[in-house]
Structures are given as C-alpha cells and as structure tokens.
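> Once you've had a glance at the structure underneath, I'll fire off some questions.
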Amino acid sequence: MNYQKEEIKMRRELGNGRWDKILIKRMTELSVANNYEEAKEEWIATGDVWWAGSADMPDWVSNSNHQNHCLCGHGIVYHFRIRNTENGVEEIVGSDHINSYLIMRQIAEEKNVNLAEVSDEQVELWLKERVGSMKAEAWWAENGDAFTNMFDAVKEMDVWHNVYEKEQYYDAKYRRYEYRKVLRKKGRGTFGVDYDMASIVWRWNHPDNPKAQIKTRGFPNEKLMMDLSLFFAQSHSMRPAFEAWKKEREDRLEFLEQQKIIAEQKRKEAAEKARLAQIEWDKGAPERERKAREEAIRQENIRKKREQQKFERHQRELALTPSETFSNMCEYYGIPIFDESFAGNAWEAEFLMSIRKKLSNRKELSTAQLNSLRKIMVENPPTSNQVNYLRDLGWEGEIPSKKFASKKIAEILGKGD
Ligand SMILES: [Zn+2]
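Taking our numbering, the leading residue of the sequence shown gets 246, the next gets one more, and so forth.
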C-alpha cells in the first residue's frame with residue numbers, strides 16, 4: 246500500500262498530459278458549458294474523501310461505475326467526491342486530479358468568502374484533515390490487529406518495566422514501603438544495545454499525556470511501533486519475573502484481606518464475650534449493692550461505736566478526782582474546775598481531756614485553746630429551770646453548764662435519799 250508515501254501534488258490547472266486530457270474531455274462532457282474553460286467553473290469538491298482500504302465503502306463510491314479509478318480512468322486509492330453545481334452531476338477523482346481550484350471553491354462556499362480570499366494554507370489544511378484521518382484509518386486497517394495484540398500483551402509489563410524507581414513511600418493499600426515508580430517519558434541509550442525505552446503506554450494512550458499519540462496522530466509513529474515490537478519480543482523472557490511480581494502483590498493483598506477478616510472475627514468475639522460478661526455482672530448487681538449497703542452500715546456502726554467508746558473513756562477520765570495542780574491551774578485561768586459534765590459531745594470530751602492533761606502538768610494554754618474552752622462552757626449553759634431548781638435545793642455555787650446542773654441535781658437528790 247502506498248497510503249503513507251502517496252504525496253498529493255496540488256495543481257491549479259490541468260495540463261497536456263494523457264490523463265489530464267482525458268479528464269478535461271470527460272468533465273466537459275458532464276458539464277452544462279461546452280468548453281472546459283467554462284465547464285471547470287461548474288465543479289466543486291464536496292469535502293467527502295474515501296480511502297480504498299477502509300472497510301465501509303460509502304454510497305457515493307459504490308454507486309459510481311468506476312470504483313478505484315479516477316474519472317480519467319487512472320487507478321486511485323483516495324477517492325475525492327466532486328459535484329457539478331449547475332446540473333448536480335457527481336463524480337469521483339483521484340488525488341492527482343483533485344486540483345486546488347475545486348477545493349478552493351468548496352472552502353469559499355463553506356466559509357462564505359470570495360474565491361480570491363481562500364489561501365494556499367487553507368487548501369493544505371483541508372487536504373491534511375481529510376487525508377490525515379484517512380492515513381490513520383489506512384494504518385489501522387493494515388496494522389491494527391497486530392498493534393492491538395502486542396500492545397495489550399505488554400501494556401501491564403510496560404508500566405512495570407519502562408519506569409524510573411524513585412524514593413520509597415508508605416503504600417496504604419499494601420501496608421508497607423514501596424518504591425515510587427515513574428513512567429519513563431524519554432528513552433535513553435541506543436536502540437537494541439543499552440536501551441531503556443520510554444514507556445509505550447505513556448507515548449500511546451496514557452490519560453495524563455496531552456501528547457499521547459492516540460490523540461495527536463490517531464496511530465502510532467514508527468519509533469513507537471519499533472519499540473513495541475522490540476519490547477514484545479523481550480517480554481517473553483521478562484514474563485516470569487513480572488508474573489512473580491504480580492503474584493506476590495496479589496498474595497499480599499489476599500493476606501491483608503485475611504488479616505482483616507481475622508481481626509474483625511476476633512473483635513466480634515471479644516465484643517460478644519464482653520456482652521455476656523456484662524449480662525452476668527448485671528445479674529449480680531442487686532446482690533452486690535445489698536452487700537455494699539450492709540457493709541457501709543456495719544462500718545458506720547463500728548465508727549459510731551468507737552466514737553462512743555472514746556467519748557465514754559474521756560468522760561471517765563474527766564470524772565476522775567482532779568489533782569491539786571489541775572484545780573490550782575483552773576483557778577489561775579479563772580475557769581471552773583471542769584469535769585465530764587462540761588462535754589456536750591465526743592470532740593469536746595477529747596478536747597477537755599487534753600486541756601486537763603496540760604493543766605495537770607502545769608502547761609500554759611494558748612489563746613486559741615482558752616477561747617475554745619470558754620466557748621464550750623458558754624455553749625452548754627444550764628437552763629433557767631435547772632438554775633432555779635438547784636437554788637431551791639440550796640446549791641449556792643457556780644452552775645457553769647447544763648450537764649453540771651443535771652449532775653448536781655442528781656447528786657443532791659441522791660444525797661437526800
Ligand atoms: Zn484522474
């Protein structure tokens with residue numbers, strides 16, 4: 246096939262060559278005008294182009310009686326559709342006979358400009374767009390299957406092998422450190438010798454590559470095809486290592502998945518165990534609470550009993566016959582010779598007992614101690630009934646406290662018995 250090499254030489258006018266002469270004759274015959282100079286202006290390119298290697302032949306080719314041949318009779322690959330704008334007759338010419346005039350008319354009409362305004366560049370572009378896409382189509386028809394098979398066979402290996410290994414990073418999916426791989430975008434070394442080719446996937450159809458050939462050309466360039474063929478050949482010896490690498494990673498993922506399942510199972514079991522333990526514990530709660538209450542009461546009773554014992558001990562001590570030293574010291578401080586009757590509670594009894602000990606040993610009292618002492622005596626005064634009764638009974642001495650009064654009354658009445 247000559248689809249890639251076929252160059253389209255654009256001519257403005259037909260000449261005196263054999264095929265040109267035939268074309269001039271045929272076009273004039275199909276026109277309204279009866280001379281070529283006028284007839285040629287009746288014709289325009291439609292913009293439709295078809296390449297003979299394409300699978301789907303359009304109607305405008307199949308309906309023609311000279312497929313693969315120009316109107317002049319010459320064999321062709323590219324079919325350009327032309328139309329006579331005066332009588333509607335349609336024809337097909339080859340690339341040798343699609344002259345720029347036909348194209349210029351088409352462009353002028355399409356863009357609604359004068360013929361003189363259409364540039365050579367626009368004509369070139371018109372041709373490139375049509376022939377370019379056909380080249381890709383032609384290429385695919387001839388090489389598509391081979392390319393696709395090779396590409397599919399090696400694309401995974403390409404992104405595994407044609408890379409640079411960079412720094413390590415922690416890969417969350419594989420849960421370990423991995424080397425970051427970056428696709429090699431430019432090859433290095435000499436082809437077939439010390440060659441590190443650029444990634445085939447990168448060059449062909451990597452979504453991150455704005456210049457991927459699938460987008461810019463529609464079919465791979467020669468270099469990419471050569472590299473693909475080379476890599477495809479090399480891939481056979483590389484495959485065991487690649488498969489082992491792939492399998493290790495698959496196994497790793499499977500292992501992690503298993504671990505996850507096991508961990509989840511353990512978590513569920515532990516949760517169930519905790520739930521059952523909680524139920525068991527909750528069952529025993531009333532009994533535990535009852536025991537705790539009983540124990541609290543028991544402890545409180547012990548504490549009260551000890552308190553009471555202490556109180557009673559201090560009261561007994563305070564009731565002992567005071568020493569002379571103690572009596573003298575009380576007199577010295579101007580306080581009654583106090584006994585257990587002055588104590589309203591355990592704390593007071595303990596305090597009074599400590600003061601009594603101090604005074605019995607001729608120890609000085611601090612201001613704070615004297616204040617506390619006076620407060621205890623004032624806070625437990627006798628009632629007026631007690632005072633009156635005691636006076637009636639003939640007691641003439643001091644009546645410092647309620648307890649003293651009760652004790653004294655009992656004493657006197659006891660004596661009276
Ligand atoms: Zn021709």
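By construction, the Cβ of each residue, glycine as well, lies at the ideal position given by its N, Cα and C atoms.
By Cβ distance, which residues of its chain are closer than 8 Å to E258, with the 5 residues on each side in sequence left out?
Locating residue 258 in the sequence shown gives position 13, counting from the first residue. These residues qualify, in order along the chain: N344 and Y346.
> Could you tell me which whole alpha helix (DSSP H) segments of length 4 or greater appear in the region 287-331?
304-307
> Have a look at G389 and M395 and give me their C-alpha separation to the nearest angstrom.
Residue 389 sits at position 144 when you count from the first residue of the sequence shown. Residue 395 sits at position 150 when you count from the first residue of the sequence shown. Spanning the two alpha carbons is a distance of roughly 10 Å.
> Does the beta-carbon of W295, which I'm using as the reference point, lie nearer than 7 Å to any heavy atom of ligand 1?
Position 50 of the sequence shown, counted from the first residue, corresponds to residue 295. It does not: the Cβ of W295 is nowhere closer than 7 Å to a heavy atom of ligand 1.
> Exposed or buried, which one is Y577 when buried takes at least 16 other CB atoms within 10 Å?
Sequence index remark: in the sequence shown, residue 577 carries index 332 (1-based). Residue environment: Y577 is assigned as exposed (fewer than 16 neighbouring CB atoms within 10 Å of its CB, all protein chains considered).
> With a Cβ-Cβ cutoff of 8 Å, do V427 and Y414 count as a contact?
Taking the first residue of the sequence shown as position 1, residue 427 is located at position 182. Taking the first residue of the sequence shown as position 1, residue 414 is located at position 169. No, they are not a contact pair.
> In three-state terms, what does DSSP make of L428?
For this step, residue 428 is matched to residue 183 along the sequence shown. Reduced to three states, the DSSP call for L428 is strand.
> Report the residue from H324, P303, I580 and S617 whose alpha carbon sits nearest the alpha carbon of N313.
The residue you call residue 313 lines up with position 68 of the sequence shown. When only C-alpha atoms are compared, the closest one is H324.
> Are the CB atoms of A591 and K555 nearer to each other than 8 Å?
The sequence position of residue 591 within the sequence shown is 346, counting from 1. The sequence position of residue 555 within the sequence shown is 310, counting from 1. Yes. Within cutoff.
> Could you name the residues of the same chain whose beta carbon sits closer than 6 Å to that of W305, not counting the 5 residues immediately before and after it, in chain order?
Counting from one through the sequence shown, the residue named residue 305 turns up at place 60. Counting only Cβ-Cβ distances below 6 Å, and skipping sequence neighbours, we find R326.
> Taking 7 Å as the cut-off, is the CB of L275 close to at least one heavy atom of ligand 1?
Within the sequence shown, residue 275 is the residue found at index 30, counting from 1. L275 has its Cβ no nearer than 7 Å to any heavy atom of ligand 1.
> If you count every other CB in all the chains shown that lies within 10 Å of the CB of A650, and 16 or more means buried, which is it?
Here residue 650 corresponds to residue number 405 of the sequence shown, with the count starting at 1. Burial call: buried.
> Ordered along the chain, which non-local residues of its own chain (more than five positions away) have a Cβ less than 6 Å from that of T273?
As a first step, residue 273 must be located in the sequence shown, where it is residue number 28. Counting only Cβ-Cβ distances below 6 Å, and skipping sequence neighbours, we find Y281 and A284.
> Please classify F649: does DSSP put it in a helix, a strand, or coil?
To locate residue 649, count along the sequence shown from 1; it is residue 404. It is helical.
> In chain order, what residues of the same chain have a beta carbon less than 8 Å from the beta carbon of W264, not counting five sequence neighbours either side?
The sequence position of residue 264 within the sequence shown is 19, counting from 1. Spatial neighbours of W264 in its own chain (CB-CB distance under 8 Å, excluding positions within 5 residues in sequence) are listed in chain order as C315, C317, G318, H319, D341 and H342.
> Could you check whether the region 580-600 touches the region 626-639, counting it as contact only if at least three pairs of C-beta atoms, one from each stretch, sit closer than 8 Å?
For the pair of segments examined, the region 580-600 was found not to touch the region 626-639: the number of CB pairs separated by less than 8 Å stays below three.
> Take every Cβ of the region 535-553, pair it with every Cβ of the region 577-588, and state whether three or more of those distances are shorter than 8 Å.
no
> Measuring alpha carbon to alpha carbon, tell me which of A391, N359, K373 and G260 ends up nearest G292.
For the purposes of this step, residue 292 is identified with residue 47 of the sequence shown, where counting begins at 1. The candidate whose alpha carbon is nearest that of G292 is K373.
> Can you give me the start and stop residues for the alpha helix (DSSP H) that E366 sits inside?
Counting from 1 along the sequence shown, the entry for residue 366 is found at position 121. Per DSSP, E366 is one residue of the alpha helix (DSSP H) stretching across D365 to H406.
> Can you tell me the Cα-Cα spacing of Q504 and R425, whole angstroms?
Locating residue 504 in the sequence shown gives position 259, where the first residue counts as 1. Locating residue 425 in the sequence shown gives position 180, where the first residue counts as 1. So the alpha carbons of these two residues sit roughly 25 Å apart.
> Spell out the partners DSSP gives E552 in its beta bridges.
For the purposes of this step, residue 552 is identified with residue 307 of the sequence shown, where counting begins at 1. Per DSSP, none; premise fails for E552.
> Give the DSSP-derived three-state secondary structure of Y414 in the structure shown.
The count along the sequence shown starts at 1 and reaches residue 414 at position 169. In the structure shown, Y414 falls within a strand segment according to DSSP collapsed to helix, strand and coil.
> By a C-beta neighbour count over all protein chains shown, 10 Å radius and 16 as the cutoff for buried, is A489 buried or exposed?
Against the sequence shown, residue 489 aligns to sequence position 244. A489 should be labelled exposed.
> Could you pull the DSSP bridge partners for E423 from this structure?
Working through the sequence shown from its first residue, we reach residue 423 at position 178. Note: E423 sits in a beta bridge opposite Y414.
> For P336, report the span of its alpha helix (DSSP H) as first-last.
Here residue 336 refers to the residue found at position 91 when the sequence shown is read from its first residue. Reading off the sequence, residue 336 comes out as Glu, not Pro. Careful: E336 lies outside any alpha helix (DSSP H), inside the beta strand (DSSP E) at E335 to V338.
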